[in-house]
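Here's the structure, in structure tokens; my notes come after.
There are 2 protein chains.
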Amino acid sequence: MRIGELAQAAGTTAKTLRFYEERGLLPETGRTLSGYRDYTRGVLPRLDFIHRGQAAGFTLAQIKQVLDIRDDGHAPCTHVRDLLDQRLADLDAQIRSLTALRATIGDLRRRADVATDSHCRADSVCQYL
Amino acid sequence: MRIGELAQAAGTTAKTLRFYEERGLLPETGRTLSGYRDYTRGVLPRLDFIHRGQAAGFTLAQIKQVLDIRDDGHAPCTHVRDLLDQRLADLDAQIRSLTALRATIGDLRRRADVATDSHCRADSVCQYL
DNA sequence: GTTGACCTTCCAGTGCAGGGGAAGGTCAAC
DNA sequence: GTTGACCTTCCCCTGCACTGGAAGGTCAAC
Chain S
11 MRIGELAQAA
21 GTTAKTLRFY
31 EERGLLPETG
41 RTLSGYRDYT
51 RGVLPRLDFI
61 HRGQAAGFTL
71 AQIKQVLDIR
81 DDGHAPCTHV
91 RDLLDQRLAD
101 LDAQIRSLTA
111 LRATIGDLRR
121 RADVATDSHC
131 RADSVCQYL
Chain A
11 MRIGELAQAA
21 GTTAKTLRFY
31 EERGLLPETG
41 RTLSGYRDYT
51 RGVLPRLDFI
61 HRGQAAGFTL
71 AQIKQVLDIR
81 DDGHAPCTHV
91 RDLLDQRLAD
101 LDAQIRSLTA
111 LRATIGDLRR
121 RADVATDSHC
131 RADSVCQYL
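Taken in sequence, the protein lines are chains S and A.
Sequential numbering from 11 applies to the first sequence in the working numbering.
Sequential numbering from 11 applies to the second sequence in the working numbering.
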């Protein structure tokens with residue numbers, strides 16, 4: 011199948027597929043006589059995996075690591091577990107810091123509520139932020 | 011005071027101050043005869059405001075909006091309230107989506123825990139992600 | 001008069017994941 | 001035989017907030 015067909019089947023664009031190939035996430039595929047990329051449906055699970063990885067918040071570089079391990083003939087389980095652990099730790103830290111920020115901004119907003127323009131002094135641009 | 015001195019007083023770099031000026035967050039200041047920027051300490055509250063805004067997660071473009079209102083001689087209170095409201099809504103949405111993602115990844119991680127390499131099938135690259 | 005720290009402008013690059021568009025080749029249908 | 005959809009490579013652009021570095025000017029101290 012040609013690149014546009016594969017793109018549609020995978021829910022992405024031809025541009026993106028060429029980009030993945032350039033980045034090493036997709037193997038270089040065969041070509042037709044006229045130079046068109048010629049894919050089989052066998053690439054679809056790989057593209058699915060890339061999408062699942064992205065949905066989980068992994069970077070293409072991290073996804074490529076897993077694909078490389080797989081392409082070397084090894085099971086990537088251990089590495090995937092490490093990635094998931096790291097991602098969980100990152101998410102927890104991120105959620106904690108956003109929650110703290112949410113509280114701070116909530117405070118600012120409550121203080122700004124009672125304020126009127128006449129209370130406003132210019133010396134700090136805005137005292138409610 | 012010269013730019014390096016101001017940068018140190020404000021806890022930033024001369025590069026950043028020039029960048030802020032170019033972006034319109036700092037007014038163009040006077041120059042010495044030799045062409046050096048010449049600042050007064052009066053810019054410090056403005057830089058403080060920029061830092062507070064950044065700490066609250068606002069972009070420089072948003073911070074500039076507030077500064078522009080202030081520079082026009084108006085009180086930015088109303089606009090700041092709107093910005094805070096928007097930021098709160100964004101934060102809530104972000105926290106919700108990260109929390110949902112955290113649950114999903116937690117599930118994946120638990121499923122991967124019982125897995126061993128021998129259970130691993132190559133057809134989807136990794137069944138635990 | 002020279003060293004070294006500071007300043008000036010300008011250009012380019014960082015990371016991330018592509019998107020836009022030019023210039024040209026190919027293919028199937030009409 | 002021509003139209004239109006598709007493909008190829010190529011290079012630049014996006015947003016965000018800077019950062020690095022080159023080439024040159026300035027200033028105070030020694």
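Each residue gets a CB set at the ideal place from its N, CA and C atoms; glycine is no exception.
Model, not experiment: these values are computed from the prediction.
TODO: Note down the Cα distance separating S134 (chain A) from R119 (chain A), rounded to an integer number of angstroms.
DONE: C-alpha separation (whole angstroms): 17 Å.
Taking only three categories from DSSP, how would you classify G34 (chain A)? coil
Under 9 Å from the C-beta of D95 (chain A): neighbouring residues of chain S: R119
| Residues of chain S with CB under 9 Å from D133 (chain A), in chain order? | P55
- Could you work out which residues of chain A lie near A122 (chain S), taking near to mean beta carbons separated by less than 9 Å? The contacting residues are C87, V90, R91 and L94.
Check each residue of the stretch 99 to 116 of chain S: if its Cβ is closer than 9 Å to any Cβ of chain A, include it; give the result in chain order. Under the 9 Å Cβ criterion, the stretch 99 to 116 of chain S contributes L101, D102, Q104, I105, L108, T109, L111, R112, T114, I115 and G116.
Requested in this report: Within its chain, find whatever has a CB closer than 7 Å to the CB of L54 (chain S); leave out the 5 residues flanking it on each side and keep chain order.
Outcome: A19 and A20
Report task. If I'm right that I5 (chain A) touches T109 (chain S) with Cβ under 8 Å, what's the distance once you round it to whole angstroms? Result -> In the structure displayed, chain A extends from 11 to 139; residue 5 (chain A) sits before or after that span and is not available.
D102 (chain S) to G116 (chain A), Cα distance in whole Å? 11 Å
- chain A contacts from the stretch 62 to 73 of chain S (Cβ-Cβ distance under 7 Å): If you check each beta-carbon in the stretch 62 to 73 of chain S against every beta-carbon of chain A, the ones closer than 7 Å belong to R62, G63, A66 and G67.
Based on the DSSP secondary-structure assignment, which residues constitute the bridge partners of R47 (chain S)?
S:R41
_Straight-line gap, T88 (chain A) to L98 (chain S) (C-alpha atoms, nearest Å)_ = 39 Å
If you run the structure through DSSP and keep just helix, strand and coil, what is H89 (chain S)?
helix
>> Beta-carbon within less than 8 Å of E38 (chain S)'s beta-carbon, same chain only, minus the 5 sequence neighbours each way: which residues are those?
In response: E31
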